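Everything below concerns the one structure shown next.
There are 2 protein chains.
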Amino acid sequence: MLSPYGLDIIESCLTCKMRSDRIFCDLPTASLQSFEAIKYATAYPKGAVLFVEGQAPRGIFVLCKGRVKLSICATDGKTLILKIAEPGEVLGLSATVSGKPYELTAETIDPCQVNFVKREDFLRFLKDNSDACFKVAEQLSEKYNNACHEVRSLGLSHSASEKLAKLLLEWSSKNGEAAKQEPRLKLALTHEEIAQMIGTSRETVTRLFADLKKRQIVQAKGSTLIIRNKVALKAMATNN
Amino acid sequence: MLSPYGLDIIESCLTCKMRSDRIFCDLPTASLQSFEAIKYATAYPKGAVLFVEGQAPRGIFVLCKGRVKLSICATDGKTLILKIAEPGEVLGLSATVSGKPYELTAETIDPCQVNFVKREDFLRFLKDNSDACFKVAEQLSEKYNNACHEVRSLGLSHSASEKLAKLLLEWSSKNGEAAKQEPRLKLALTHEEIAQMIGTSRETVTRLFADLKKRQIVQAKGSTLIIRNKVALKAMATNN
DNA sequence: CTGATGTAGTGACGCTGGTCACAGCGGTCT
DNA sequence: AGACCGCTGTGACCAGCGTCACTACATCAG
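Residue numbers (our numbering), protein chains in the order written: chain A, 14 to 253; chain B, 14 to 253.
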């Protein structure tokens, strides 16, 4: 089997082991078979752009492996990272459904495997498979929910430190580390990228981290970050 | 016919004149008939709260008449208005589909007519009527799109004046006034509410308006605002 | 080894806008 | 009429943070 970019390609959705974990993929066999017929299994290297905001929607991208950075970008080049998509997520879904341009840009940050489906094929598929249509509604609700959280964090925060604290807590809760006394997390992003996630400048992120370390709230061990004082961090995330 | 709060109640969706204009309501007669069976036509006075963020989803609210303010609110009371919903919009949709708590608060700002559908009834209805399910996906895409715009405006703007200019242009484009030389728009909101829409303080909005007037970019005529210099306003919305 | 490139850390400076504190200015209720 | 209330308009003050400019590493290619 071909294996570009060092990926182990999952050939068929029907035999995919992760199927049941994934909100969109967990479809009845019949629907999944029609899906098989219209999907193109593709692979991308790190740094590939799946689509760009403003483009007319070509179709959906089901992320099977790897992570994808979703961002929006201002005319002056200032960028805001909305989220890092994980496997199981469907990208370009809302644009494909509504026919409006993609509202964000998707760029791989790992080698990725992706199932692409052309817009016309996908819409036909949805009309014929009501289970899938409902899954799409669920996915879109999920996305909407996410966007609302982003709005809340951007719009209701009083300071950059509050937003950074929120981000760190959110990250720690994703690894199931949140319950631990001193949660650890891998800092896979640069200060620049973190700044783009919370809508601030690179220098501010550096300064905030320096401050957190000085106040013994976090501690860096190489590229892992240990949260030493969860309570203080939570206080920062809710107050100002 | 009963007519509370000075409303002319639309009794049946089947005979509703606005049906075809409205993205969700324009369903095949068969689907609409099953919808009729599960909906409750209700009316609310101005200032009524349909649901509050954080509440478990009771169901959906199809707005037939009047406007509804959708907002999120921080623990300290700071509020952000996401949008003013117009007739035809379905409220509480994503929470009802996903089962997660309502992500925002909906409060009427006019006397409103609303069709309410209980969550279980609605989910059953969706399973049985795939046309409706697709409409839901479309509505959710629309909402997601909106949220993305909000994120862009909040996250990528450099200043409050930029956000205000964006808001004014957006409003003028809704009335079809945008094409005119000097678009007019009704300022139906207080400075406080405008501040909450763009995530700034009441005083800043007052100062910004004063500045716009001084620079002859806009002009107030009672509660209508005339945009005298569209070009300058657009420049403010894109630059800094 | 050396230069190039990307990331992180830090000081200085100044602007934007949040906050507080009041002052006018319609309404409306009694 | 007066009292009260919500909205608007302004001045003063200052914290937060964006920006610039530079240094310090680390990694990598040649």
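Beta carbons are placed, not taken as given, at the ideal position from N, Cα and C, and that holds for glycine.
Source: prediction; values computed, not measured.
Using a Cβ distance threshold of 8 Å, B/Val75 and B/Val103 count as a contacting pair. Between A/Thr118 and A/Cys86, the CB-CB gap stays under 8 Å.
One alpha carbon belongs to A/Leu167, the other to B/Gln46, and they sit about 42 Å apart. In the DSSP assignment, A/Glu205 falls within the alpha helix (DSSP H) that extends over 204-211. Listed along the chain, the chain A residues whose CB falls inside 7 Å of the CB of B/Glu116 are Asn158, Cys161.
For B/Gly67, the number of other beta carbons within 10 angstroms of its own is below 16, and it is reported as exposed. At a Cβ-Cβ threshold of 8 Å, B/Asp123 and B/Gly79 count as neighbours.
In the three-state reduction of the DSSP assignment, A/Asn159 falls in the helix class, which pools H, G and I.
Nearest CB-CB separation between A/Leu169 and chain B: below the 8 Å threshold.
Scanning A/Val164, A/Glu99, A/Lys187, A/Leu198 for the CA closest to the CA of B/Ile94 turns up A/Val164. Taking C-beta atoms as the reference points, A/Glu116 and A/Lys82 fail to come closer than 8 Å. Chain order gives the chain A residues near B/Gly212 as Leu167, Gly168, Leu169, where near means a beta carbon separation below 9 Å. Close CB contacts of A/Val65 within its chain, under the 6 Å cut and outside five residues either way in sequence, are with Thr118 (chain order). In terms of CA proximity to A/Cys161, B/Ala108 leads the group B/Ala108, B/Ser33, B/Pro100.
A/Gly101 is positioned such that its CB atom lies no closer than 8 Å to that of A/Gly72. Runs of the beta strand (DSSP E) lying entirely within the stretch 51-121 of chain A, each at least 3 residues long, are 52-57, 62-64, 72-78, 81-86, 92-98, 118-121 in chain order. In the structure shown, B/Cys38 falls within a coil segment according to DSSP collapsed to helix, strand and coil. In summary, A/Thr92 is buried, with 16 or more beta-carbon neighbours lying within 10 Å of its beta-carbon over all protein chains present. Neighbours of B/Ala173 in chain A, taken as residues at a C-beta separation under 9 Å, are lacking, since the least C-beta distance is about 13 Å. B/Thr237 sits in a strand when the DSSP states are folded into three classes. A Cβ-Cβ contact shorter than 8 Å links B/Leu139 with B/Ala145. Take B/Gly60, set aside five residues on each side of it, and no residue of its chain has a beta-carbon closer than 6 Å to its own.
Under DSSP, the beta-bridge partners assigned to A/Asn128 are A/Ala54, A/Val75. Excluding its 5 nearest sequence neighbours in each direction, A/Asp134 has C-beta neighbours in its own chain below 6 Å: Ile51, listed in chain order.
Nearest to A/Gly112 by alpha-carbon distance, out of B/Glu155, B/Asp34, B/Leu63, B/Asp224, is B/Glu155. For B/Thr88, the neighbours in chain A by C-beta distance under 7 Å run, in chain order, Thr251. Closest in C-alpha terms to B/Gln209, from the list B/Ser84, B/Ser44, B/Cys77, comes B/Ser84.
Looking only at B/Leu246, B/Leu238, B/Leu200, B/Thr237, the smallest Cα-Cα distance to B/Lys179 is reached by B/Leu246.
Against B/Glu155, the close residues of chain A are Ser111, in the order they occur along the chain (beta-carbon pairs closer than 7 Å). Between B/Ala150 and A/Ala201, the C-beta spacing is not below 8 Å. Closer than 8 Å to the CB of B/Cys125 there is not a single CB belonging to chain A. A Cβ-Cβ distance of about 6 Å is found for the pair A/Arg241 and A/Gln229, placing them in contact under the 8 Å criterion. Residue contact with chain A for B/Lys140: present (Cβ-Cβ distance below 8 Å to some residue of chain A). Considering only beta carbons, no part of the stretch 64-77 of chain B lies closer than 7 Å to chain A. Exposed is the label assigned to A/Ile239, since fewer than 16 other Cβ atoms lie within 10 Å of its Cβ. For B/Leu167, the secondary structure class from DSSP, reduced to helix, strand or coil, is helix.
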